[in-house]
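So for the sequence shown, this note's numbering puts the first residue at 1; every next one is plus one. Using N, Cα and C, we set each Cβ at its ideal position, and we do this for glycine too. Note that the coordinates shown come from a computational prediction; the quantities given were computed from them, not determined experimentally. Below is one structure, written out as structure tokens; the observations come after it.
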Amino acid sequence: MPELGFRKGHKSLKVNKQIKILLILIIVLGTFLRFYNLAGESFWLDEGATVLTIKKYNAWQIINNTWEKGQILPNYYSTDIDLPPYYLILSAWTKIFGISEFSFRLFSAILGSLALIAVFYLARYLFDERIALLSTFLTSINLTLIWYSQEARQYSYLLFLSLLSIIFLIKSLKENKTKYIVGLLIVNTLIIYSHLAWIIFIALEGVYALYISYKNHINKKEPHKKIVIVFLIIGLLYLPIIERVIFSESKYVDVYGKPDMMQLAEFGVLLSTWLYPSISMREKIYSFSMGFTLFEWILLLSVLMTALLFGLLFLNGIVKSFYKKKSAIFMLLLFFFPLLFALIVSLIHPTITIFQLKQIIYIIPAFLIFVSIGILRTKISKLLISGVIILSILPLSAYYINIDKQQFREAVEFLPENEPIFLNIVSAQVAFQYYSGERDNVIGVADVDELKSFLYNKNSFWMLLTFTKYSDPENKIKKFLNENYQLTDKKDLFDIELLHYEKI
């Protein structure tokens, strides 16, 4: 069989007792971090789409909505980006575990925890035990991966499937066994019909399989006919949705804009950590105030130093990884191919932007594996590991202490049931109406003109403002209301402003 440079034989993949104990401790840590306070916060805007879908529709209705209309909630959204598998699985899941913040997020938390095992296996198969162990540890405390493991969205699910697919791919190329090839086909079928943006991931695997096949051809080695057949089948599986993949009606550029230096910097930080500030610190950041407390300065510096340190270790890891040249090439492809593909498409496409880390979340393990190599291939590896642990303490603490999800649950508890309630984002209705039940007096509006059309004969009403950074950065709705109506009551929640107005 062709040699790919991966670890040989099944015996070499057995884990010794010490490594096994450390691995179990790391997985316990990572699982705890993913399960802790799972239901503590309200569903936020994006989660609202998931939970209202499951609450509102049965499995057959989900299939009909996603295949015929391209949407899980066609009454609320007009884009054609949704596919059914994740929602069907989650629908069955809630039949067993019920409908609540905990049960919805539990599915993501479990798959996020299982991803730790997949990262260990992958890193060990490609490199060695020490790198695998450290990679798993860094994955276990990675704040971006913890966030998605505690979110009722499909990204933790897709991360786990992606890691599983990669393992099946490299095992298929190395051992050419039918069970791995069948596993690759099954997992990739799930991926294809779960998220349109994962065509980048499938293309990545196809490019790598083609590269290995070409190398085998020029070296006159046995071709991987079964793998070629698998990717031909995968190509056929894309035919029913390829038009939606290429000509999607989504207009995310209007919301997020084209990639710029700020987005690139944010993307880079998210690979290693993130800042979850308190409300007061957040206000200081938004107002460009430098009046941070000592704790806030240490938190901010911890995040910036972690991002900088990980960036340098990543570069060192790339250089030092070539002691396993073929494994290094595969990991470089896994990291840079999706990154550059997403960046280029987002820059040139008129309406679509996919340069968001969640859309290519599977590059994070590749990044952390290179960081681990960068740490362990130095003479100060113990010092660096200690530094990483120390720098991670405050960002992790801030994540669990501070609120970071819009408080729709609390908004519903506060607002009266019968008075008109307007929301400044049409899609914000989904999270609100999950908690309140679908009511005719809850109306999402896109702009001032649409709001005006609903205010005729309204003597008093509530206005819910949220996500204004993207939906109404100039505060046009609030300015219009303040100029034409009398503000009689107000309540501030996290990223939600509740305003009661009466006719003057």
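If the criterion is Cβ atoms closer than 9 angstroms, does the pair residue i and residue j meet it?
i	j	result
threonine 306	serine 194	no
leucine 111	tyrosine 362	no
glycine 291	phenylalanine 370	no
proline 338	alanine 123	no
phenylalanine 494	leucine 45	no
threonine 178	lysine 226	yes
leucine 138	serine 372	yes
serine 346	glycine 311	no
alanine 209	leucine 173	yes
serine 103	serine 156	no
methionine 463	asparagine 402	no
isoleucine 360	phenylalanine 231	no
leucine 309	glycine 387	yes
Just the C-alpha distance for residue i and residue j, rounded to the nearest angstrom, thanks.
i	j	result
isoleucine 477	serine 278	27 angstroms
methionine 1	valine 430	Legend: pLDDT at methionine 1 = 35, less than 50; position of this residue unreliable, value from coordinates given subsequently. Each residue's alpha carbon lies about 54 angstroms from the other.
aspartate 260	phenylalanine 97	42 angstroms
phenylalanine 43	arginine 409	7 angstroms
lysine 55	glycine 437	10 angstroms
phenylalanine 480	leucine 114	50 angstroms
methionine 262	leucine 33	29 angstroms
isoleucine 233	valine 119	27 angstroms
alanine 342	phenylalanine 314	20 angstroms
serine 100	tyrosine 286	33 angstroms
phenylalanine 35	glutamate 222	47 angstroms
isoleucine 352	threonine 66	19 angstroms
tyrosine 211	tyrosine 87	35 angstroms
serine 248	glutamate 68	14 angstroms
isoleucine 241	isoleucine 192	9 angstroms
tyrosine 381	serine 165	The residue asked about is misnamed: residue 381 is serine in this sequence, not tyrosine. Distance between the alpha carbons of serine 381 and serine 165 is about 31 angstroms.
glycine 444	glutamine 18	57 angstroms
leucine 394	valine 182	44 angstroms
The beta strand (DSSP E) spanning residue i covers which residue range?
i	result
leucine 465	460-466
glutamine 61	Per DSSP, glutamine 61 belongs to no beta strand (DSSP E); it is in the alpha helix (DSSP H), 59-64.
leucine 499	496-503
phenylalanine 422	421-423
valine 442	442-444
From the DSSP output, in three-state form, read off residue i for me.
i	result
leucine 210	helix
phenylalanine 355	coil
glutamine 433	helix
asparagine 487	A small fix is needed here, since residue 487 is leucine in this sequence, not asparagine. Here leucine 487 sits in strand by DSSP.
aspartate 492	strand
glutamate 438	coil
glutamine 406	coil
alanine 115	helix
glycine 9	For glycine 9, the pLDDT reaches just 43, beneath the cut-off of 50, and the residue's location in the model is therefore unreliable, although a value from the coordinates is still provided. Three-state DSSP puts glycine 9 in coil, outside helix and strand.
histidine 224	coil
glutamate 41	coil
arginine 152	Position check: residue 152 holds alanine in this sequence, whereas arginine was assumed. Three-state result, alanine 152: coil.
leucine 33	helix
glutamine 18	helix
glutamine 71	coil
phenylalanine 367	helix
What are the boundary residues of the alpha helix (DSSP H) that residue i is part of?
i	result
tyrosine 155	155-175
isoleucine 192	178-192
valine 388	381-401
asparagine 316	294-320
tryptophan 147	143-149
isoleucine 96	85-97
aspartate 46	45-56
leucine 282	In the sequence as displayed, the identity of residue 282 is arginine instead of leucine. 279-286 is the extent of the alpha helix (DSSP H) around arginine 282.
glutamate 517	Examination of residue 517 is not possible in this model, given that the chain is present from 1 through 504 alone.
serine 346	325-348
valine 426	It is not in any alpha helix (DSSP H) - valine 426 carries neither H nor E in the DSSP assignment.
Answer with buried or exposed for residue i, where buried requires no fewer than 16 other C-beta atoms within 10 angstroms of its C-beta.
i	result
serine 453	exposed
isoleucine 414	One point to set straight first is that residue 414 is phenylalanine, not isoleucine, in the sequence displayed. Exposed, by the Cβ-count rule.
lysine 379	exposed
asparagine 188	buried
alanine 203	exposed
threonine 488	exposed
tryptophan 274	buried
tyrosine 148	buried
tyrosine 470	exposed
serine 397	exposed
glutamate 483	exposed
tryptophan 198	buried
glutamate 283	exposed
threonine 293	exposed
phenylalanine 322	exposed
When you measure from the CB of residue i to every non-hydrogen atom of the ligand ATP, does any distance come out below 8 angstroms?
i	result
aspartate 82	Absence of the ligand ATP is noted for the structure shown, with no ligands found whatsoever.
Compare the C-beta of residue i against all C-beta atoms of chain D and say whether one is closer than 9 angstroms.
i	result
leucine 275	The structure shown contains no chain D, having only a single protein chain.
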